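**Student:**
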Amino acid sequence: MTRIRVGIVGCGQAAQIMHLPSLRFLADLFEVTAVCDVSRTVAERVGADWNVPVRTTDHMAAVTLDEVDAVLVATPDAQHSVVALDAIAAGKHALVEKPLCLTLREADAIIAAQEQAGVVVQVGYMRRYAPAFLEAGAAVAELGEVRLARIQHVLGLNQLVVGGTSRVVAGDDIESAVLQEGRDLRLRLLAEATGAAPAEIQEAYSLLLSLASHDLSAMRELLGRPDGVLYAGTWHDGWYVTAAFDYGSFVCHFAAGFDLIPRVDATIEVFGERRLVEVRFDASQVRNLPVRTTITDANDTGGVDVRTIHPSWGDPFVEEWRAFHRHVTEGSQTKSSPADFREDLELCRDLVAAMAARR
Numbered sequence: 038m039t040r041i042r043v044g045i046v047g048c049g050q051a052a053q054i055m056h057l058p059s060l061r062f063l064a065d066l067f068e069v070t071a072v073c074d075v076s077r078t079v080a081e082r083v084g085a086d087w088n089v090p091v092r093t094t095d096h097m098a099a100v101t102l103d104e105v106d107a108v109l110v111a112t113p114d115a116q117h118s119v120v121a122l123d124a125i126a127a128g129k130h131a132l133v134e135k136p137l138c139l140t141l142r143e144a145d146a147i148i149a150a151q152e153q154a155g156v157v158v159q160v161g162y163m164r165r166y167a168p169a170f171l172e173a174g175a176a177v178a179e180l181g182e183v184r185l186a187r188i189q190h191v192l193g194l195n196q197l198v199v200g201g202t203s204r205v206v207a208g209d210d211i212e213s214a215v216l217q218e219g220r221d222l223r224l225r226l227l228a229e230a231t232g233a234a235p236a237e238i239q240e241a242y243s244l245l246l247s248l249a250s251h252d253l254s255a256m257r258e259l260l261g262r263p264d265g266v267l268y269a270g271t272w273h274d275g276w277y278v279t280a281a282f283d284y285g286s287f288v289c290h291f292a293a294g295f296d297l298i299p300r301v302d303a304t305i306e307v308f309g310e311r312r313l314v315e316v317r318f319d320a321s322q323v324r325n326l327p328v329r330t331t332i333t334d335a336n337d338t339g340g341v342d343v344r345t346i347h348p349s350w351g352d353p354f355v356e357e358w359r360a361f362h363r364h365v366t367e368g369s370q371t372k373s374s375p376a377d378f379r380e381d382l383e384l385c386r387d388l389v390a391a392m393a394a395r396r
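Residue numbering for the sequence shown follows the numbering used here, starting at 38 and increasing by one per position.
1) For Arg42, I'd like the list of residues in its chain whose CB is within less than 6 angstroms of its CB, leaving aside the five on either flank, ordered along the chain.
2) Which residue's Cα is closest to the Cα of Met216: Phe378, Trp350, Thr112 and Ala51?
3) To the nearest angstrom, report how far apart Gly232 and Tyr268 are at their CA atoms.
4) Considering only residues of the region 161-213, which uninterrupted alpha helix (DSSP H) runs meet the minimum length of 4 residues and lie entirely inside it, listed in chain order?
5) Buried or exposed, going by whether 16 or more other CB atoms sit within 10 Å of the CB of Leu192?
6) On the CB-based measure, 16 or more other CB atoms within 10 Å of its CB, does His347 come out buried or exposed?
7) Bridge partners of Val328, per DSSP?
8) When you compare the CB positions of Val157 and Phe361, do they come within less than 8 angstroms of one another, or not?
9) Please return the same chain residues whose Cβ sits closer than 8 angstroms to the Cβ of Trp350, not counting the five positions on each side in sequence.
10) In the DSSP assignment, what residue or residues form a beta bridge with Cys138?
11) When DSSP builds the beta bridges, which residues end up paired with Leu109?
12) For Glu212, count neighbouring C-beta atoms within 10 Å of its own C-beta (all shown protein chains included) and say buried if the count is 16 or more, exposed if not.
13) Locate the alpha helix (DSSP H) running through Gly368, then write down its first and last residues.
14) Which runs of the alpha helix (DSSP H) spanning at least 4 residues fall entirely within the region 48-72, listed in chain order?
15) Under a CB-based cut-off of 8 angstroms, is Val343 close to chain D?
16) Considering only residues of the same chain and omitting the five flanking positions on each side of Ala241, which have a CB-CB separation below 6 angstroms?
17) Taking only three categories from DSSP, how would you classify Ile346?
18) Between which residues of its own chain and Gly181 is the CB-CB distance below 8 angstroms, once the five residues before and five after are set aside?
19) Which term fits Gly128, buried or exposed, when burial requires 16 or more other beta carbons within 10 angstroms of its beta carbon?
20) Would you kindly report the start and end of the unbroken beta strand (DSSP E) that includes Ile20?
21) Just the C-alpha distance for Ser59 and Gln50, rounded to the nearest angstrom, thanks.
22) Hey, could you find the ends of the alpha helix (DSSP H) Val290 is sitting in?
23) Tell me where the alpha helix (DSSP H) around Ala115 begins and ends.
24) Would you mind reading off the limits of the beta strand (DSSP E) that contains Arg312?
25) Can you tell me whether Glu367 is buried or exposed? The criterion is at least 16 other CB atoms within 10 Å of its CB, across all chains shown.
26) Please classify Leu267: does DSSP put it in a helix, a strand, or coil?
27) Please tell me whether Asp252 and Asp264 are closer than 8 angstroms, where the distance is taken between their beta carbons.
28) Please say whether Ala281 and His273 have beta carbons closer to each other than 8 angstroms?
29) Please state the DSSP three-state secondary structure of Thr94.
30) Going by DSSP in three states, Gln322 sits in which element: helix, strand or coil?
31) Any chance the region 172-180 sits against the region 379-388, with 3 or more Cβ pairs inside 8 angstroms?
32) Between Leu227 and Ser250, which are expected to be in contact by the criterion C-beta below 8 angstroms, what is the C-beta distance as a whole number of angstroms?
33) How would you call Ala8, buried or exposed, if buried means at least 16 neighbouring beta carbons within 10 angstroms?
34) Secondary structure at Asp103, three-state DSSP: helix, strand or coil?
35) Whole angstroms is fine: what's the gap from Ser254's alpha carbon to Pro353's?
36) Looking at the secondary structure, which residues open and close the beta strand (DSSP E) in which Val278 lies?
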């Protein structure tokens, strides 16, 4: 199987702006054979725009289709585990947008199901597949003893960027009862994950999974898993989170939040005695914006040598799909697996516990 047939479940912004163009770009590796959305309007119009033959509002019809080898799960966060488990049960490989799920219980169910079915399940941490991020990993490995790390991810609300750069098909034909069911499911899962913490902490947990899981995952790849959480707090109704992670010989300072400035401020900095490695990400909703790594080294003449690395033009979403194709066709394991994602859930749990302790 060299050309993988993909069914897309959830045809919102991520699918329309990033995944469908990436799959079209990789048409020698993938073919989209089905689209599914709870809005009939969205499913039909997206299907027509991208010449997809099967268009449905029933995700089971998509994941059980003989003409589908793999499923992209791009529904609202709370529905990710349901669709992923149904896809795995149908023997399909799956690329699941982050977060894979909201609770440890769901993660364990997905891990067990994947192991039994023997399929590839990859979490959509596209930033970890960017060539510049891989260069950063190599530079950190050569840095020597880490003295300090700093991670920041402050994002202007998506629509501030999307509205001026993309055409997104939307539908107003979803029944109110279906929308309410989705909201209720999300609240139940947040309560399960946080032990019925105050609403502000539940929203902070949601922010950690929807936004900052990118950063926690990248932090673990570059630095390993921290020994623990020294401090964590949240403010402004859960829209801002700060924390400090204990790495034994150094501390990683962390900050994340949403604002109304149309830009992305997403950086990872790792400080050694004679080297600084910085990775800077741009808006993920605009394709092919470069991810850059800058390496600053002390030289032997009393100054510094600075290199900025942008290995190639392209998009991290394309790179994660290339990796997914390789793992499916080779039968190998992806680095952003369900088991890998579970570590981020555990970190989010620990952050929430630290927030609650402050109160």
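All C-beta atoms in this analysis are idealised placements derived from N, C-alpha and C, irrespective of residue type, glycine included.
Quick caveat: nothing in here was measured; it's all calculated off a predicted structure.
**Tutor:** On the basis of the coordinates in this document:
1) On the sequence shown, residue 42 is found 5 positions in, with the first residue counted as 1. Counting only Cβ-Cβ distances below 6 angstroms, and skipping sequence neighbours, we find Glu68, Thr70, Glu104, Val105 and Asp106.
2) The residue given as residue 216 occupies position 179 in the sequence shown. Note that residue 216 corresponds to Leu in the displayed sequence, not to Met. Measuring from the Cα of Leu216, the nearest candidate turns out to be Thr112.
3) Residue 232 sits at position 195 when you count from the first residue of the sequence shown. Residue 268 sits at position 231 when you count from the first residue of the sequence shown. Spanning the two alpha carbons is a distance of roughly 19 angstroms.
4) 168-178 and 195-202
5) Against the sequence shown, residue 192 aligns to sequence position 155. Under this definition Leu192 is a buried residue.
6) Within the sequence shown, the letter at position 310 stands for residue 347. Exposed.
7) Stepping through the sequence shown from its first residue, residue 328 is reached at position 291. According to DSSP, Val328 bridges with nothing at all.
8) Residue mapping note: residue 157 aligns to position 120 of the sequence shown, counting from 1. Residue mapping note: residue 361 aligns to position 324 of the sequence shown, counting from 1. The answer is yes: Cβ separation under 8 angstroms.
9) By one-based count along the sequence shown, residue 350 stands at place 313. The answer, listed in chain order, is Asn325 and Pro327.
10) As a working mapping, residue 138 is identified with position 101 in the sequence shown. BP columns for Cys138 are empty, so no partner.
11) For the purposes of this step, residue 109 is identified with residue 72 of the sequence shown, where counting begins at 1. Ile45 and Leu132.
12) The residue labelled residue 212 in the question sits at position 175 within the sequence shown. Glu212 should be labelled exposed.
13) What you label residue 368 is simply residue 331 of the sequence shown in a count that begins at 1. From DSSP, Gly368 is part of no alpha helix (DSSP H); its letter is neither H nor E.
14) 57-62
15) Of the protein chains in the structure, only one exists, and it is not chain D.
16) Stepping through the sequence shown from its first residue, residue 241 is reached at position 204. Excluding sequence neighbours, Ala241 sits near Thr271, Gly275 and Val278.
17) Walking along the sequence shown from the start, residue 346 turns up at place 309. DSSP places Ile346 in strand when its eight states are reduced to three.
18) Position 144 of the sequence shown, counted from the first residue, corresponds to residue 181. Only Gly309, Glu310, Arg311 and Arg312 meet the Cβ criterion.
19) Position 91 of the sequence shown, counted from the start, is the residue given in the question as residue 128. Exposed, because fewer than 16 other Cβ atoms sit within 10 Å of the Cβ of Gly128.
20) In the structure displayed, the chain extends from 38 to 396; residue 20 sits before or after that span and is not available.
21) Along the sequence shown, read from residue 1 onward, the residue named residue 59 stands at position 22. Along the sequence shown, read from residue 1 onward, the residue named residue 50 stands at position 13. Approximately 13 angstroms between the Cα atoms of the pair.
22) Here the question's residue 290 lines up with position 253 in the sequence shown. Here residue 290 turns out to be His, not Val, going by the sequence shown. It is not in any alpha helix (DSSP H) - His290 instead sits in the beta strand (DSSP E) that spans Val288 to Asp296.
23) Position 78 of the sequence shown, counted from the first residue, corresponds to residue 115. Segment: none, Ala115 is in no alpha helix (DSSP H) and carries neither H nor E.
24) Position 275 of the sequence shown, counted from the first residue, corresponds to residue 312. Arg312 -> beta strand (DSSP E) spans Arg312 to Phe318.
25) Taking the sequence shown and counting its residues from 1, one reaches residue 367 at position 330. Exposed, because fewer than 16 other Cβ atoms sit within 10 Å of the Cβ of Glu367.
26) Against the sequence shown, residue 267 aligns to sequence position 230. Looking at Leu267 - three-state DSSP - the assignment turns out to be strand.
27) The residue labelled residue 252 in the question sits at position 215 within the sequence shown. The residue labelled residue 264 in the question sits at position 227 within the sequence shown. It is not a contact, given that the beta carbons lie outside the stated cut-off.
28) On the sequence shown, residue 273 is found 236 positions in, with the first residue counted as 1. On the sequence shown, residue 281 is found 244 positions in, with the first residue counted as 1. No. Outside cutoff.
29) For this step, residue 94 is matched to residue 57 along the sequence shown. Looking at Thr94 - three-state DSSP - the assignment turns out to be coil, as it is neither helix nor strand.
30) For the purposes of this step, residue 322 is taken as the residue at position 285 of the sequence shown. Of the three classes helix, strand and coil, the one that applies to Gln322 here is coil, per DSSP.
31) no
32) By one-based count along the sequence shown, residue 227 stands at place 190. By one-based count along the sequence shown, residue 250 stands at place 213. Between Ser250 and Leu227 the Cβ distance is about 14 angstroms, and since that is not below 8 angstroms, they are no contact.
33) Because the chain spans 38 through 396 in this model, residue 8 falls outside it and cannot be assessed.
34) Within the sequence shown, numbered from 1, the residue matching residue 103 stands at position 66. In this structure, Asp103 counts as coil in the three-state DSSP scheme.
35) In the sequence shown, counting from the first residue as 1, residue 254 sits at position 217. In the sequence shown, counting from the first residue as 1, residue 353 sits at position 316. Straight-line Cα distance between these residues: approximately 15 angstroms.
36) Locating residue 278 in the sequence shown gives position 241, where the first residue counts as 1. Per DSSP, Val278 belongs to the beta strand (DSSP E) from Tyr277 to Asp283.
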